[in-house]
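Below is one structure, written out as structure tokens, with a few remarks after it.
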């Protein structure tokens, strides 16, 4: 089974776009088809019975691949070393991402952040595929 990487990335972003568990996506290991579900909308298609099935694997969320706060702190250490303590302090309270992006704008580093985040996401998702014996194209 081969899954198109761009479709997998879309599903990953869908799952990670809202609160934990509100959006889910499952990959059928036999066909490569991705099934999407949201607590906020009626499903477009019926999701097969995936409970206790080894045929389906749940698409992970950002936090499961360490793409949340750990990634931000790594970026700060490498790209904004003078602001590392400030970034750590920003992420000790609610609303951290908005304040972090304000800091990035002020430091003219927003494009570097998006490129860094995109590469880390792709690398982590490809590693997840390798770990789960999922072949990707693209």
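Residue numbers (our numbering): 1231 to 1368. Yeah, the Cβ is synthetic: ideal placement off N, Cα and C, and Gly gets one too.
Evaluate residue i with the Cβ neighbour count: other Cβ atoms within 10 Å of its Cβ, from every protein chain shown; 16 or more gives buried, anything less gives exposed.
i: residue 1248; result: exposed
i: residue 1270; result: exposed
Which residues in the same chain have their Cβ closer than 7 Å to the Cβ of residue i, if we skip the five residues on either side of it in sequence?
i: residue 1231; result: 1259, 1260, 1261, 1262 and 1365
i: residue 1351; result: 1297
i: residue 1207; result: Nothing can be reported for residue 1207, as the shown portion of the chain is limited to 1231 through 1368.
i: residue 1254; result: 1245, 1267 and 1288
On the three-state DSSP scale, how would you describe residue i?
i: residue 1261; result: coil
i: residue 1237; result: helix
I'd like the list of long-range same chain contacts for residue i, defined as Cβ closer than 8 Å, with 5 residues on each side in sequence excluded.
i: residue 1287; result: 1256, 1257, 1259, 1362 and 1364
i: residue 1356; result: 1235 and 1366
Starting from residue i, follow the beta strand (DSSP E) in both directions and report where the run begins and ends.
i: residue 1287; result: 1286 to 1288
i: residue 1248; result: Counting along the chain, residue 1248 falls outside any beta strand (DSSP E), and DSSP gives it neither H nor E.
For the alpha helix (DSSP H) containing residue i, name the first residue and the last one.
i: residue 1314; result: 1314 to 1320
i: residue 1335; result: 1326 to 1336
Return the chain-ordered list of same chain residues with a C-beta closer than 6 Å to the C-beta of residue i, the five sequence neighbours on each side being excluded.
i: residue 1299; result: 1321
Quick check: does the Cβ of residue i come within less than 7 Å of any heavy atom belonging to the ligand SAM?
i: residue 1305; result: Looking for the ligand SAM in the displayed structure turns up nothing, as the structure carries no ligands at all.
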